[in-house]
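Protein chains in written order, with our numbering: chain W, 100 to 356; chain B, 15 to 275. Note that the Cβ used here is the ideal one computed from N, Cα and C, for glycine as well. Everything numeric in this text was worked out from a predicted model, so none of it was measured.
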């Protein structure tokens, strides 16, 4: 499988991979997303940050419709996200997701976790799916653990299996929902290293995280959410080095202590 | 059940040992169904001469239990899914079924299927055995529905989200991800239901199925020797429930990849 895309040239006019326009979402009386408008391009690493409850995870989850948006438009790879189930299946094949709690299938081995979706969704023959899964698990450094069940793996290893599982569908974009927040500190780096490798290979990534070092090092741009609003959408150096917004400066001050 | 697993070589994996226990217990059951006549025939009057009748009653009881038990699990899965369906009328139908079956005696249900159903559905011809299977399956299916529904609800929501996010359809998500986990959770109550079913199958006796209780009761009436005839009947039930519990215990071990038990 080819995960290496040509390096994107920053000046070229490219069609966006994901377009969100005026997206609103309520949970009961709470207005959790307020008119969110942004675009994501192929090959870019966008990092979404903000306080908890700011709507950043909810926004990420609207991009593969794990949450439905109430109004506005979301278009992924030219397909509009609406109630049409066919659209949804087509989009979910192109959009991979990595969860905070890993959500590996506990009754399957690491290998079976990775091979399941290609077999069922793409109809890949068993042998082929297993070979591809082995390759992916080797790539995330788990060649010695392919026959283990999730409970036999550490949190960091489970999350790396989850990344391999998402990659197995050969998605055009990977969504990460706080991928290191449930990990013990000593396991965070092994997951971040895998994500850095992915970013370097040209993978399009949208990452909700509190890891500011990762954001600085790997991110192309930062989206800052505040009370459901996309308060700022800025290139990474501008965001960290020339931040003018007082609220964001206060937030960054707290989080980097 | 660890005792049962302990007899296998220690170098076998837990999976292999539980599979071996399942196979050995199933073989034991088959052997018992056809071989029990032999030791019974060595017993003195009134058991020895009718050993073959006990053996054939045992076989009928096991067939009744297997046929209604397997259909009952299928009915239980379907009703559990229906109970969780997004479309309200489907939920209502499933609730109605469970409510009606759990609120009426099994004896009445057996009589109803045998006598009343042909009157309601003209042209329906069910043998006494088939009627008993239908009544027992419908009965245990209602209890299974509750057990399986609880199992499905206990599977974390993140499992469904992960499967859906990978592009699996709702049916694939249920079959490959949710159901295997739900079944494992539901297994202990399902086993209780099947053991109860094995004993409840004795009610097929009222519509003339010649199963184990029927054999035992006829022989005690004919010989005027209730103690040996009914003690033999009870002992055979005890052997059957023991083997059944052992098989299900091994299935539980086999599914328990996390080795919690």
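Checklist entry - Roughly how many angstroms lie between the CA atoms of residue 196 of chain W and residue 190 of chain W, to the nearest whole one? => result Along the first chain, one-based indexing puts residue 196 of chain W at 97. Along the first chain, one-based indexing puts residue 190 of chain W at 91. One C-alpha to the other measures close to 12 Å.
Item to check | Amino acids of chain W, ordered along the chain, whose beta-carbon sits closer than 7 Å to that of residue 176 of chain B | outcome: Numbered from 1 along the second chain, position 162 holds the residue referred to as residue 176 of chain B. Result: 198 and 202.
Item to check | Residues that DSSP places opposite residue 332 of chain W in a beta bridge | outcome: For the purposes of this step, residue 332 of chain W is taken as the residue at position 233 of the first chain. According to DSSP, residue 332 of chain W bridges with W:322.
Checklist entry - So which residues on chain B does residue 206 of chain W lean against when the C-beta distance must stay under 8 Å? => result Residue 206 of chain W sits at position 107 when you count from the first residue of the first chain. What residue 206 of chain W touches in chain B: 194, 195, 198, 269 and 271.
Checklist entry - In this structure, does DSSP put residue 102 of chain W in helix, strand or coil? => result Here residue 102 of chain W is taken as the residue at index 3 of the first chain, counted from 1. Here the model assigns residue 102 of chain W a pLDDT of 48, short of 50, so the residue's position is not dependable, and the following value carries that caveat. The answer is coil: DSSP assigns residue 102 of chain W none of H, G, I, E or B.
Item to check | 7 Å Cβ cut-off: residues of chain B touching residue 163 of chain W | outcome: Here residue 163 of chain W corresponds to residue number 64 of the first chain, with the count starting at 1. By Cβ distance, chain B contributes 179.
Checklist entry - DSSP three-state call for residue 140 of chain B: helix, strand or coil? => result For the purposes of this step, residue 140 of chain B is identified with residue 126 of the second chain, where counting begins at 1. Residue 140 of chain B falls in the coil class under three-state DSSP.
Next on the checklist: Counting only beta-carbon separations shorter than 8 Å, does residue 16 of chain B have a partner in chain W?
Outcome noted: Within the second chain, numbered from 1, the residue matching residue 16 of chain B stands at position 2. The pLDDT assigned to residue 16 of chain B is 46, lower than 50, so where the model puts this residue is not dependable; a value taken from the coordinates is nonetheless given after this. Taking Cβ atoms only, chain W never reaches closer than 8 Å to residue 16 of chain B, which makes this a no.
Checklist entry - Is there a Cβ from chain B that is less than 8 Å from the Cβ of residue 172 of chain W? => result Here residue 172 of chain W refers to the residue found at position 73 when the first chain is read from its first residue. It does not; no Cβ of chain B falls within 8 Å.
Checklist entry - How would you label residue 134 of chain B, buried or exposed, when you count the other beta carbons within 10 angstroms and need 16 or more for buried? => result On the second chain, position 120 is the one that residue 134 of chain B refers to. It counts as exposed.
Next on the checklist: What does the Cβ neighbour count give for residue 83 of chain B, buried or exposed, with the cut at 16 atoms within 10 Å?
Outcome noted: Translated into positions along the second chain, residue 83 of chain B becomes position 69. Residue 83 of chain B is buried by the Cβ-count criterion.
Next on the checklist: Below 8 Å on C-beta distance, what does residue 185 of chain W contact in chain B?
Outcome noted: Here the question's residue 185 of chain W lines up with position 86 in the first chain. Those within 8 Å of residue 185 of chain W in chain B number zero; the least Cβ separation is about 11 Å.
Checklist entry - With residue 246 of chain W and residue 208 of chain W assumed to form a contact (beta carbons below 8 Å), what rounded beta-carbon distance in angstroms separates them? => result Locating residue 246 of chain W in the first chain gives position 147, where the first residue counts as 1. Locating residue 208 of chain W in the first chain gives position 109, where the first residue counts as 1. Indeed, because the Cβ distance is near 5 Å, the residues count as touching under 8 Å.
Checklist entry - Rounded to a whole number of angstroms, what is the C-alpha to C-alpha distance between residue 209 of chain B and residue 108 of chain B? => result As a first step, residue 209 of chain B must be located in the second chain, where it is residue number 195. As a first step, residue 108 of chain B must be located in the second chain, where it is residue number 94. Pairing residue 209 of chain B with residue 108 of chain B, the inter-Cα distance amounts to about 24 Å.
Checklist entry - Name the chain B residues whose beta carbon is nearer than 8 Å to that of residue 294 of chain W? => result Counting from 1 along the first chain, the entry for residue 294 of chain W is found at position 195. Those do not exist, as residue 294 of chain W stays about 17 Å from chain B at its closest Cβ, beyond 8 Å.
Checklist entry - By the 10 Å Cβ neighbour count, where 16 or more other Cβ atoms means buried, how is residue 225 of chain B classified, buried or exposed? => result The residue you call residue 225 of chain B lines up with position 211 of the second chain. Buried, by the Cβ-count rule.
Checklist entry - Cβ atoms of residue 149 of chain W and residue 313 of chain W: under 8 Å apart, would you say? => result Working through the first chain from its first residue, we reach residue 313 of chain W at position 214. Working through the first chain from its first residue, we reach residue 149 of chain W at position 50. It is not a contact, given that the beta carbons lie outside the stated cut-off.
Checklist entry - So residue 134 of chain W and residue 142 of chain W are in contact, right, with Cβ under 8 Å, and what is the actual spacing, rounded? => result Within the first chain, the letter at position 35 stands for residue 134 of chain W. Within the first chain, the letter at position 43 stands for residue 142 of chain W. Cβ-Cβ separation between residue 134 of chain W and residue 142 of chain W: approximately 27 Å, too far for a contact (criterion under 8 Å).
Checklist entry - Over what stretch of residues does the alpha helix (DSSP H) that includes residue 161 of chain W continue unbroken? => result Locating residue 161 of chain W in the first chain gives position 62, where the first residue counts as 1. Segment 155-161, the alpha helix (DSSP H) holding residue 161 of chain W.
Checklist entry - Do residue 146 of chain B and residue 122 of chain B have their C-beta atoms within less than 8 Å of each other? => result If you number the second chain from 1, residue 146 of chain B lands on position 132. If you number the second chain from 1, residue 122 of chain B lands on position 108. No, they are not a contact pair.
Item to check | Contact list for residue 215 of chain W against chain B, beta-carbon separation under 7 Å | outcome: Numbered from 1 along the first chain, position 116 holds the residue referred to as residue 215 of chain W. Residues of chain B passing the Cβ test: 190.
Checklist entry - chain B beta carbons: is any one of them nearer than 8 Å to that of residue 168 of chain W? => result In the first chain, the residue the question calls residue 168 of chain W occupies position 69. Contact with chain B is absent for residue 168 of chain W, since none of that chain's Cβ atoms lies less than 8 Å from the residue's Cβ.
Checklist entry - Can you give the Cα-Cα distance for residue 267 of chain B and residue 166 of chain B, rounded to whole angstroms? => result Numbered from 1 along the second chain, position 253 holds the residue referred to as residue 267 of chain B. Numbered from 1 along the second chain, position 152 holds the residue referred to as residue 166 of chain B. The straight-line gap separating the alpha-carbon atoms of residue 267 of chain B and residue 166 of chain B is approximately 20 Å.
Item to check | Distance between beta carbons of residue 289 of chain W and residue 318 of chain W, contact taken as under 8 Å | outcome: Residue 318 of chain W sits at position 219 when you count from the first residue of the first chain. Residue 289 of chain W sits at position 190 when you count from the first residue of the first chain. Actually they are not in contact, since the Cβ atoms of residue 318 of chain W and residue 289 of chain W sit about 19 Å apart, beyond 8 Å.
Checklist entry - Looking only at C-alpha atoms, which of B:64, B:45, B:52 and B:51 sits nearest to residue 237 of chain B? => result As a first step, residue 237 of chain B must be located in the second chain, where it is residue number 223. Among B:64, B:45, B:52 and B:51, the Cα nearest to that of residue 237 of chain B is on B:64.
Item to check | residue 15 of chain B to residue 204 of chain B span [Cα, whole Å] | outcome: The residue you call residue 15 of chain B lines up with position 1 of the second chain. The residue you call residue 204 of chain B lines up with position 190 of the second chain. Its pLDDT being 44, under 50, residue 15 of chain B is placed unreliably by the model, and the measurement read from it follows with that caveat. When rounded, the separation of the alpha-carbon atoms in residue 15 of chain B and residue 204 of chain B is 17 Å.
Next on the checklist: Can you find the residues in the same chain that come closer than 6 Å, C-beta to C-beta, to residue 219 of chain B, ignoring five residues on each side of it along the sequence?
Outcome noted: Taking the second chain and counting its residues from 1, the one referred to as residue 219 of chain B is at position 205. For residue 219 of chain B, where only same-chain residues beyond five positions count, the Cβ hits under 6 Å are 227 and 228.
Item to check | 8 Å Cβ cutoff, residue 220 of chain W in contact with chain B | outcome: For the purposes of this step, residue 220 of chain W is taken as residue 121 along the first chain, with counting starting at 1. Yes, its Cβ sits closer than 8 Å to a Cβ of chain B.
Checklist entry - In terms of residue numbering, what span does the alpha helix (DSSP H) encompassing residue 354 of chain W cover? => result For this step, residue 354 of chain W is matched to residue 255 along the first chain. Note, residue 354 of chain W: alpha helix (DSSP H), 345-354.
Next on the checklist: Does chain D have any CB closer than 8 Å to the CB of residue 268 of chain W?
Outcome noted: Absence of chain D from the displayed structure is noted, the protein chains being W and B.
Checklist entry - Three or more C-beta pairs closer than 8 Å, one from the region 155-165 of chain B and one from the region 83-94 of chain B: is that the case here? => result Using a Cβ-Cβ distance cut-off of 8 Å, the region 155-165 of chain B and the region 83-94 of chain B are in contact, since at least three pairs of beta carbons, one from each stretch, lie closer than that value.
Item to check | residue 139 of chain W in three-state terms, based on DSSP | outcome: The residue you call residue 139 of chain W lines up with position 40 of the first chain. DSSP, reduced to helix, strand and coil, places residue 139 of chain W within a strand of the structure shown.
Item to check | Secondary structure, beta strand (DSSP E): runs of 3+ residues fully inside the region 161-235 of chain B | outcome: Whole beta strand (DSSP E) segments, 3+ residues: zero.
Checklist entry - Where does residue 354 of chain W land, buried or exposed, given buried means 16+ other C-beta within 10 angstroms? => result Translated into the one-based positions of the first chain, residue 354 of chain W becomes position 255. Under a 10 Å Cβ-count criterion, residue 354 of chain W is classified as exposed, with fewer than 16 other Cβ atoms of the shown protein chains found around its own Cβ.
Checklist entry - So, using beta-carbon positions, are residue 235 of chain W and residue 261 of chain W closer together than 8 Å? => result Translated into the one-based positions of the first chain, residue 235 of chain W becomes position 136. Translated into the one-based positions of the first chain, residue 261 of chain W becomes position 162. Their beta carbons are not under 8 Å apart, which means residue 235 of chain W does not touch residue 261 of chain W by this criterion.
Checklist entry - Is the beta carbon of residue 132 of chain W sitting closer than 8 Å to the one on residue 154 of chain W? => result Mapped onto the first chain, residue 132 of chain W falls at position 33. Mapped onto the first chain, residue 154 of chain W falls at position 55. At a Cβ-Cβ threshold of 8 Å, residue 132 of chain W and residue 154 of chain W count as neighbours.
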